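Worksheet: the structure to be examined is printed underneath.
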Amino acid sequence: MPAFRSRHICSVAAALALTAAAPATAATADASAALREVLFVGNNWDGTATVLKSSGDFTKVGEINVVPDKAQRIAEINADPIKWIYYTAIRNQVGQGHDQYVDDMYSTPDGTSVVVSRPSFADVVSIDLATDRINWRFPVAGYRADHMAVSPDGTRVAVSASTANKVQVLDINTGKELGEFATGDKPHENVFTNGGKYIWNMSIGEVTTSLDDPSADWTKGDRHITVVDATTYKTVKTIDMRDRLNAIGLKDFSDAVRPAAFTPDWSKMYFQVSFFNGFLEYDIASDKITRVKTLPANPATNPDRTTWLLDSRHHGISMSPDGSKLCVAGTMDNYATVVDRAGLQEGPLVTASTPYWATVSGDGKDCIISESGADQVTAIDFATGQKVISVPVGDHPQRVRLGHVQAGWTGPSAS
Numbered sequence: 004m005p006a007f008r009s010r011h012i013c014s015v016a017a018a019l020a021l022t023a024a025a026p027a028t029a030a031t032a033d034a035s036a037a038l039r040e041v042l043f044v045g046n047n048w049d050g051t052a053t054v055l056k057s058s059g060d061f062t063k064v065g066e067i068n069v070v071p072d073k074a075q076r077i078a079e080i081n082a083d084p085i086k087w088i089y090y091t092a093i094r095n096q097v098g099q100g101h102d103q104y105v106d107d108m109y110s111t112p113d114g115t116s117v118v119v120s121r122p123s124f125a126d127v128v129s130i131d132l133a134t135d136r137i138n139w140r141f142p143v144a145g146y147r148a149d150h151m152a153v154s155p156d157g158t159r160v161a162v163s164a165s166t167a168n169k170v171q172v173l174d175i176n177t178g179k180e181l182g183e184f185a186t187g188d189k190p191h192e193n194v195f196t197n198g199g200k201y202i203w204n205m206s207i208g209e210v211t212t213s214l215d216d217p218s219a220d221w222t223k224g225d226r227h228i229t230v231v232d233a234t235t236y237k238t239v240k241t242i243d244m245r246d247r248l249n250a251i252g253l254k255d256f257s258d259a260v261r262p263a264a265f266t267p268d269w270s271k272m273y274f275q276v277s278f279f280n281g282f283l284e285y286d287i288a289s290d291k292i293t294r295v296k297t298l299p300a301n302p303a304t305n306p307d308r309t310t311w312l313l314d315s316r317h318h319g320i321s322m323s324p325d326g327s328k329l330c331v332a333g334t335m336d337n338y339a340t341v342v343d344r345a346g347l348q349e350g351p352l353v354t355a356s357t358p359y360w361a362t363v364s365g366d367g368k369d370c371i372i373s374e375s376g377a378d379q380v381t382a383i384d385f386a387t388g389q390k391v392i393s394v395p396v397g398d399h400p401q402r403v404r405l406g407h408v409q410a411g412w413t414g415p416s417a418s
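Residue numbers (the numbering used here): 4 to 418.
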């Protein structure tokens with residue numbers, strides 16, 4: 004197996020590789036051969052996930068209904084005034100007038116199910132890939148489920164319960180809660196680091212208000228990175244980027260850390276912040292921001308911050324498996340670009356319609372971005388920075404994750 008897969012935290016391929024500590028047997032070899040690597044694309048407004056080949060031409064393999072219990076969930080919401088208020092607020096604010104049916108997803112190590120966080124329904128569910136039926140359901144604390152992360156061994160998922168200001172960690176096979184930890188306001192991105200030793204959570208604060216001028220930044224809440232031991236779920240470090248930004252003269256920058264990418268040796272983190280068209284480099288050992296990269300502004304982008312999607316300017320960053328290139332989704336500037344990590348020089352600006360996420364293809368050759376404004380995903384070659392192909396998916400694609408299905412799977416065999 005290529006070396007990059009032991010590093011690629013978003014891939015269940017990594018989970019399988021790290022799980023294989025015992026000598027291989029005929030049974031484990033057969034199980035591995037029976038799996039097919041794919042890309043899961045969450046279509047947030049559709050309530051579906053499009054499943055694509057993980058590399059090459061990214062042909063569609065199948066589709067999953069992630070809200071088979073929609074009628075039941077909505078009936079429950081309508082019967083509870085508080086749930087209805089939050090459900091409506093999610094639709095009108097975060098969802099831009101649409102329900103949010105799928106934020107994040109990961110497949111189980113055996114490729115039989117996919118685990119999905121559903122913001123509007125405030126839960127995490129496991130869906131059987133053969134039938135589209137729900138195996139288990141876990142209502143998160145509070146009223147909204149957000150980003151998830153899967154442990155390197157594929158056995159646990161960490162989900163942000165965004166209105167409860169905590170992360171809950173679940174057994175991926177049973178949905179049982181294994182632990183939880185407190186975060187800052189509105190927990191967002193989660194990452195298992197250092198081979199699964201730690202979990203990093205980035206809280207982003209209030210992103211639905213119109214108090215977007217730097218002078219009103221203090222109204223956005225308590226935003227910091229929480230680093231916990233992934234076994235005990237005890238906090239080992241809290242990182243407030245406000246102090247680190249101030250130290251290099253960036254007092255007007257938001258300290259809301261958005262998507263982030265780590266180097267293969269976990270020594271550096273590259274992260275986006277609200278309202279900024281670019282990213283920053285953070286050295287973990289020295290606890291300092293070491294470089295800042297400003298990317299081109301699209302002249303057509305409305306300069307009024309209140310018009311930007313959930314305080315985003317750029318939202319989505321990934322790293323090539325060898326750590327030499329970064330891929331950045333310039334959400335409000337309608338492009339994506341590959342950046343050389345050594346000199347931070349960007350490549351061609353690839354036109355894209357509200358690109359909202361960036362990940363890596365199964366073979367590690369391409370950056371995959373979701374174009375939520377065009378209902379497609381686009382592959383960009385890490386080596387050249389040029390667009391390879393665009394593939395249509397469902398309504399409003401956001402998160403894209405590598406995972407597995409069983410060989411020969413093309414969709415549910417029963418409704």
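Glycine residues also receive a C-beta, built at the ideal position from the N, C-alpha and C atoms. Remember, it's a predicted structure, so these values are computed and weren't measured experimentally.
Going by Cα to Cα distance, which pick from the options is closest to residue i?
i	options	result
L329	V97, G114, T266 and L173	T266
S277	R245, K271, I251 and T235	R245
T297	D325, G406 and G333	G333
F43	G406, G411, G414 and V394	G406
R136	V153, Y201 and V69	V69
A74	A37, H101, F124 and E40	F124
W311	V295, D336 and K390	D336
D149	A263, V127, G281 and V239	V127
T2	T238, G65 and D60	With the chain represented from 4 up to 418, any question about residue 2 goes unanswered, as that position is not in the structure.
T362	T304, G281, K390 and I320	I320
D72	N204, K240, T134 and Y89	T134
P262	E192, N249 and D286	E192
T238	M151, W203, G199 and A382	W203
P358	H318, Q348, D102 and K271	H318
Let's see if you can read the secondary structure: which residues bound the beta strand (DSSP E) around residue i?
i	result
T222	First-last for T222: undefined, no H or E at that position.
W203	Y201 to S206
Y104	Y104 -> no beta strand (DSSP E), and no H or E assigned at all.
G281	G281 to D286
T297	K291 to T297
V143	Careful: V143 lies outside any beta strand (DSSP E) and carries neither H nor E.
F43	L38 to N46
F265	V260 to F265
Y461	Nothing can be reported for residue 461, as the shown portion of the chain is limited to 4 through 418.
S373	D369 to E374
L352	Premise fails: L352 is in no beta strand (DSSP E) and is neither H nor E.
S163	R159 to A164
Rounded to whole angstroms, what is the Cα-Cα separation between residue i and residue j?
i	j	result
V403	V54	10 Å
N138	Y104	17 Å
P190	F274	15 Å
G365	S58	5 Å
V97	P306	20 Å
D331	I371	Inspection of the sequence shows that residue 331 is occupied by Val rather than by Asp. Taking the straight line joining both Cα atoms gives about 10 Å.
N197	A78	43 Å
L313	T211	6 Å
I207	S165	10 Å
G252	A303	28 Å
L283	D369	22 Å
T62	A37	19 Å
A219	S213	10 Å
N176	S129	8 Å
V41	R140	24 Å
G414	G367	25 Å
K271	G326	10 Å
S216	T309	First, the amino acid is wrong: residue 216 is Asp here, not Ser. Cα to Cα, the separation comes out at about 9 Å.
With H, G and I counted as helix, E and B as strand and the rest as coil, what does DSSP make of residue i?
i	result
A250	helix
T310	helix
Q75	helix
T3	Outside the displayed span of the chain (4 to 418) sits residue 3, for which this structure offers no information.
K189	coil
M244	helix
I130	strand
P324	coil
G346	coil
I175	coil
I80	helix
N337	coil
N3	Past the boundaries of the shown model lies residue 3; the chain is included only from 4 to 418, so the question cannot be answered.
A406	Ala is not the amino acid found at residue 406; the sequence shown has Gly there. Looking at G406 - three-state DSSP - the assignment turns out to be strand.
G182	strand
K86	helix
R316	coil
**Asked** Okay, do the segment 166 to 177 and the segment 140 to 153 touch, 3+ Cβ pairs below 8 Å being the bar?
**Response** yes
**Message:** Quick check: the segment 109 to 122 against the segment 148 to 167, are at least 3 beta-carbon pairs closer than 8 Å?
**Reply:** yes
**Prompt:** Is it true that the segment 226 to 246 meets the segment 257 to 275, where meeting means three or more beta-carbon pairs spaced less than 8 Å apart?
**Reply:** yes
**Message:** For the segment 286 to 293 against the segment 351 to 366, do three or more pairs of beta-carbon atoms, one drawn from each stretch, fall closer than 8 Å, so that the two count as touching?
**Reply:** no
**Prompt:** Can at least three beta-carbon pairs, one atom from the segment 372 to 380 and one from the segment 392 to 402, be found at a separation below 8 Å?
**Reply:** yes
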